[in-house]
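*Asks:* Okay, handing you the structure first.
Protein chains in written order, with my numbering: chain A, 406 to 517; chain B, 56 to 169.
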């Protein structure tokens with residue numbers, strides 16, 4: 406079945422540091438890939454997505470590239486801010502009814 | 056567009072009691088999903104509706120769980136004879152039918168079974 410593996414947290418960075426959160430997946434066919442973010446006390450929000458190989462999703466300074474050859478979708482940001490502190494979930498869907506499979510989440514804490 | 060809403064946001068109940076949660080999806084979305092999220096984990100799929108038809112149920116959805124979506128609008132998730140292991144965040148999401156559109160999530164209902 407489908408699965409998503411992402412790096413364990415928590416990740417603690419200083420403000421303006423470079424962020425990478427690794428994500429790899431196993432899926433049948435050609436899944437769409439997503440990063441969701443969950444801020445403290447809030448629901449899941451879509452951060453970015455990519456629907457085919459070599460696509461790059463981007464939003465709010467975050468980027469991730471769909472790498473089919475390495476089955477990866479790593480999240481990057483060049484300069485993190487305190488307001489980026491949240492839990493980040495890598496996810497995919499490949500089923501006919503679009504069930505989303507999530508990773509376990511990576512907690513990011515950015516300190517001033 | 057008011058987004059996906061869920062009610063209640065928090066529910067504390069005693070073991071053995073029944074609870075019911077409601078989800079109102081984005082109005083033009085045909086598909087509605089329920090997920091469960093436990094502490095430190097990602098959401099896990101429970102069940103899916105297209106319009107009023109329940110098309111898939113996860114093995115996680117025991118006989119004590121039932122979901123409905125009358126008239127293809129809002130949905131309810133009922134848990135009978137709650138157990139402490141049912142304590143979790145219950146998330147609802149909705150999406151459109153065509154393509155592989157992303158799912159839009161509600162704020163969740165946090166259930167605590169004492």
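We put the CB at the ideal spot given by N, CA and C, even for glycine.
Starting from the N-terminal side, write out each stretch of the beta strand (DSSP E) that is 3 residues or longer and does not extend beyond the stretch 427 to 459 of chain A.
*Replies:* 428 to 431, 437 to 443, 449 to 455
*Asks:* Is it buried or exposed for residue 487(A), if we count other Cβ within 10 angstroms and need 16 for buried?
*Replies:* exposed
*Asks:* At what residues does the beta strand (DSSP E) containing residue 462(A) begin and finish?
*Replies:* 461 to 464
*Asks:* Would you be able to state if there are at least three C-beta pairs under 8 Å between the stretch 117 to 127 of chain B and the stretch 456 to 476 of chain A?
*Replies:* With the rule of 3 Cβ pairs closer than 8 Å, the stretch 456 to 476 of chain A does not count as touching the stretch 117 to 127 of chain B.
*Asks:* In the DSSP assignment, find the beta strand (DSSP E) that holds residue 91(B) and state where it starts and stops.
*Replies:* First-last of the beta strand (DSSP E) with residue 91(B): 86 to 92.
*Asks:* Determine whether the Cβ of residue 486(A) lies closer than 9 Å to any Cβ atom of chain B.
*Replies:* Contact with chain B is absent for residue 486(A), since none of that chain's Cβ atoms lies less than 9 Å from the residue's Cβ.
*Asks:* Check whether chain B comes within 9 Å of residue 465(A), counting only Cβ atoms and requiring the distance to be less than that.
*Replies:* no
*Asks:* Does any CB atom of chain B fall closer than 9 Å to the CB of residue 409(A)?
*Replies:* yes
*Asks:* Do the stretch 472 to 483 of chain A and the stretch 422 to 433 of chain A meet, that is, are 3 or more Cβ pairs less than 8 Å apart?
*Replies:* yes
*Asks:* Cβ closer than 8 Å: which chain B residues qualify as neighbours of residue 417(A)?
*Replies:* Near residue 417(A) there are no residues of chain B at all, since even the closest Cβ is about 17 Å away, more than 8 Å.
*Asks:* Is it buried or exposed, residue 57(B), if we count other Cβ atoms within 10 angstroms and call 16 or more buried?
*Replies:* exposed
*Asks:* Using a Cβ cut-off of 8 Å, which residues of the stretch 96 to 120 of chain B contact any Cβ in chain A, in chain order?
*Replies:* Cβ contacts with chain A come from 96, 97, 98, 99, 100, 103, 105, 110, 111.
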